[in-house]
Structure formats: structure tokens, C-alpha cells
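Participant: Can you read through this structure? Questions will come right after.
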Amino acid sequence: HSPRPPRAGSVVWCGSTLKTSVPAIVGLAFAAALGAVVLFLTMGNAGGKVPGPAQLQVLARVATAGASTAGAEKATFAAGCFWSVELAFQRLPGVSKTQVGYIAGTTPSPTYEQVSSGSSGHTEAVEIQFDPASLSYRDLVQVFFEIHDPTTLNRQGNDRGTQYRSGIYTHSEEQAKVAEEEKANTQKALGKTVATEIKPATTFYAAEAYHQQYLAKGGQCSRTGTKDNIKCYG
Numbered sequence: 031h032s033p034r035p036p037r038a039g040s041v042v043w044c045g046s047t048l049k050t051s052v053p054a055i056v057g058l059a060f061a062a063a064l065g066a067v068v069l070f071l072t073m074g075n076a077g078g079k080v081p082g083p084a085q086l087q088v089l090a091r092v093a094t095a096g097a098s099t100a101g102a103e104k105a106t107f108a109a110g111c112f113w114s115v116e117l118a119f120q121r122l123p124g125v126s127k128t129q130v131g132y133i134a135g136t137t138p139s140p141t142y143e144q145v146s147s148g149s150s151g152h153t154e155a156v157e158i159q160f161d162p163a164s165l166s167y168r169d170l171v172q173v174f175f176e177i178h179d180p181t182t183l184n185r186q187g188n189d190r191g192t193q194y195r196s197g198i199y200t201h202s203e204e205q206a207k208v209a210e211e212e213k214a215n216t217q218k219a220l221g222k223t224v225a226t227e228i229k230p231a232t233t234f235y236a237a238e239a240y241h242q243q244y245l246a247k248g249g250q251c252s253r254t255g256t257k258d259n260i261k262c263y264g
């Protein structure tokens, strides 16, 4: 995918709310038509699907005023283009913070260009802060396996390269145990080999600012509990 920072003045839909920072109604019909074309061309990309059973089960929970940060835990996942992966986790009740970045490589403080070339060895990933009292790590892993195709090696849809590999980077022995169990469950359910790598988390490097909450800034709703389809414009 190529980074395209959202334009100022875009019309933003979030549930039933329409917000615009400048008059944009004249171009709305054209934008809608263009959006339909983009959606058609990107249907094969990770994140371009309706929420699955695991997501819907978590999304159906009553959201509190905000996920507690006291006793918060960390989870790190790689599932292809990190824009759509981040938005999927942003919406889950119990998630208090997300950021996209790079992990499991060899080059210190890599740039997006280095990661995209494959030279740094990193994969695009999302680091999540969550409240284990309202959202379990197993919930997160189940959602992770649902929002991408874990059977394709170094590829998600049209995105190809080691930077798009499937991975779970664990922060404790318990997380590693849960990840391995859910990987085995997923492999059995799919009847195919799951290519997801499971490794202890190493240094996570936050991606450039324009990548953070990219799809939310571009107009897709990140509100907790939202069930709208996620479209990745990669």
C-alpha cells in the first residue's frame, strides 16, 4: 500500500453522523462513486470484509465509559496492512490505545521505506493496550485470526512481502500459550497450514505519524462497538 494522508475537508460518516469541516456536498456524489470503485478494486485486501463471529461477539458487549488503563496489558499483532488491522482493534470494547509500527526486524529505528523494501526484516504490526478485566487476550487472538488470512505466507491479498507476514508477538508465557492454542484451533477449523509466526515481542518501533489511526483520520468510524465494514485503500 502507498501512504496517502487524508485530505482536509473530507466528509466523514460515523454511524449515522455526518461531519464536514468545509462545504463538501457538491463533490459528495463523485466521492461516493469513486469510493465504490476503490472498494471494488480492494475487496481482496486484508480488512476488506464484514466483521466475523469473534469480532461481533466482542463488539456486542456493552462499552464502558472507557477501557481502564489500571492493570492494562499489551498485545502485538501483524496481519498485513496495519491500517485496517489497527481500525479493527480500535473498535473493540476494552481496548484503550493502539499504535501501528514495525517489529521483528534487525535494523534499529527503521523507516517505512526500509520496511517496505524488506531490507530491515520488520513486519507491519499493531501494538494494543487493553483491559484484561473486560477483554481477554484470547478474545484478541481470536479476532486477529479472523481479520486476515493466516494461511498465506508473506502475503495478504495484493500486498506481498515479508513486511506483510502474519505474526503474534507475545509479552508473557501465558500469552504465548494462548497464541499457540488458538493457532492450533484455527488450523484445525480451516483444514490448512497456518503460517502465523509466534515469537516473544522484541523492540516495537512506532511508525511515522501519518500512519497512526490512518483509516479513522480518513473518515472510517473508529467508535467503540462499530460494526461497519473496514475498507483498506492500500
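Start counting at 1 in the sequence shown, then tack on 30, and there's your number in our numbering.
By construction, the Cβ of each residue, glycine as well, lies at the ideal position given by its N, Cα and C atoms.
Quantities reported herein were computed from a predicted structural model and do not represent experimental measurements.
Let's test the definition: count the other Cβ atoms within 10 Å of the Cβ of Gly221 and tell me whether it reaches 16, buried, or not, exposed.
Facilitator: Indexing the sequence shown from 1 puts residue 221 at position 191. Answer is exposed; the Cβ neighbour count stays below 16.
Participant: Starting from Ala214, trace the alpha helix (DSSP H) both ways and give me its first and last residue.
Facilitator: Taking the first residue of the sequence shown as position 1, residue 214 is located at position 184. First-last of the alpha helix (DSSP H) with Ala214: Glu203 to Leu220.
Participant: Pick helix, strand or coil for Glu238, following the three-state DSSP scheme.
Facilitator: Against the sequence shown, residue 238 aligns to sequence position 208. Correct three-state label for Glu238: coil.
Participant: Measuring CB atoms only, is the stretch 200–217 touching the stretch 247–257, in the sense that at least three cross pairs come out at less than 8 Å?
Facilitator: The stretch 200–217 vs the stretch 247–257: no contact.
Participant: From the DSSP secondary-structure annotation, give me the bridge partner or partners of Pro230.
Facilitator: Here residue 230 refers to the residue found at position 200 when the sequence shown is read from its first residue. According to DSSP, Pro230 bridges with Thr200.
Participant: Since Ala129 contacts Glu157 with CB under 8 Å, what's their CB separation in whole angstroms?
Facilitator: Here residue 129 is taken as the residue at index 99 of the sequence shown, counted from 1. Here residue 157 is taken as the residue at index 127 of the sequence shown, counted from 1. Per the sequence shown, residue 129 should be read as Gln rather than Ala. Their Cβ separation, rounded to whole angstroms, is 5 Å, which keeps Gln129 and Glu157 in contact under 8 Å.
Participant: Beta-carbon separation of Ser126 and Gln85 under 8 Å?
Facilitator: Locating residue 126 in the sequence shown gives position 96, counting from the first residue. Locating residue 85 in the sequence shown gives position 55, counting from the first residue. In this structure, Gln85 does not lie closer than 8 Å to Ser126 by Cβ.
Participant: Between the C-alpha atoms of Ser150 and Asn259, what's the straight-line distance to the nearest angstrom?
Facilitator: Indexing the sequence shown from 1 puts residue 150 at position 120. Indexing the sequence shown from 1 puts residue 259 at position 229. Looking at the two C-alpha atoms, the distance is approximately 32 Å.
Participant: Going by DSSP in three states, Thr254 sits in which element: helix, strand or coil?
Facilitator: Looking up residue 254 in the sequence shown gives position 224. DSSP places Thr254 in coil when its eight states are reduced to three.
Participant: Give the straight-line distance between the Cα atoms of Trp113 and Gly131, rounded to the nearest whole angstrom.
Facilitator: As a first step, residue 113 is located in the sequence shown; it is residue number 83 there, counting from the start. As a first step, residue 131 is located in the sequence shown; it is residue number 101 there, counting from the start. Distance between the alpha carbons of Trp113 and Gly131: 10 Å.
Participant: Going straight from the alpha carbon of Leu48 to that of Gly248, what length do you get?
Facilitator: For the purposes of this step, residue 48 is taken as the residue at position 18 of the sequence shown. For the purposes of this step, residue 248 is taken as the residue at position 218 of the sequence shown. Any reading at Leu48 needs caution, since the residue's pLDDT is 34, under 50, leaving its predicted position unreliable; the model's value is listed next. The alpha-carbon atoms of Leu48 and Gly248 are separated by roughly 14 Å.
Participant: Are Asn188 and Arg195 close, meaning C-beta to C-beta below 8 Å?
Facilitator: Here residue 188 corresponds to residue number 158 of the sequence shown, with the count starting at 1. Here residue 195 corresponds to residue number 165 of the sequence shown, with the count starting at 1. No, the pair does not count as a contact, with Cβ atoms beyond the cut-off.
Participant: Tell me which residues share the same chain as Ala206 and place their Cβ nearer than 6 Å to its Cβ, disregarding the 5 neighbours each side in the sequence.
Facilitator: Along the sequence shown, read from residue 1 onward, the residue named residue 206 stands at position 176. Correct list, in chain order: Thr200.
Participant: Between Ala76 and Glu176, what straight-line distance do the alpha-carbon atoms span, to the nearest angstrom?
Facilitator: On the sequence shown, position 46 is the one that residue 76 refers to. On the sequence shown, position 146 is the one that residue 176 refers to. For Ala76, the predicted structure reports a pLDDT of 43, less than 50, and the residue's modelled location is therefore unreliable. A value from the coordinates is still provided. Each residue's Cα considered, the two are about 10 Å apart.
Participant: Beta carbon of Ala105, beta carbon of Leu170: below 8 Å?
Facilitator: Translated into the one-based positions of the sequence shown, residue 105 becomes position 75. Translated into the one-based positions of the sequence shown, residue 170 becomes position 140. Their beta carbons are under 8 Å apart, which means Ala105 touches Leu170 by this criterion.
Participant: For Thr226 and Lys213, which I take to be in contact (beta-carbon distance under 8 Å), what is that distance rounded to the nearest angstrom?
Facilitator: Here residue 226 refers to the residue found at position 196 when the sequence shown is read from its first residue. Here residue 213 refers to the residue found at position 183 when the sequence shown is read from its first residue. The pair is a contact, with the Cβ atoms about 6 Å apart (cut-off 8 Å).
Participant: Which same chain residues end up closer than 8 Å to Ala59 when comparing Cβ atoms and leaving out the 5 residues on each side of it in sequence?
Facilitator: Here residue 59 refers to the residue found at position 29 when the sequence shown is read from its first residue. Because Ala59 carries a pLDDT of 41, less than 50, the predicted location of this residue cannot be relied on, and the following value inherits that uncertainty. Excluding residues within five positions, none has a Cβ falling inside 8 Å.
Participant: DSSP state of Ser114, grouped into three classes?
Facilitator: If you number the sequence shown from 1, residue 114 lands on position 84. Of the three classes helix, strand and coil, the one that applies to Ser114 here is helix, per DSSP.
Participant: Straight-line CA distance for Thr137 to Gly191?
Facilitator: Numbered from 1 along the sequence shown, position 107 holds the residue referred to as residue 137. Numbered from 1 along the sequence shown, position 161 holds the residue referred to as residue 191. Cα to Cα, Thr137 sits roughly 17 Å from Gly191.
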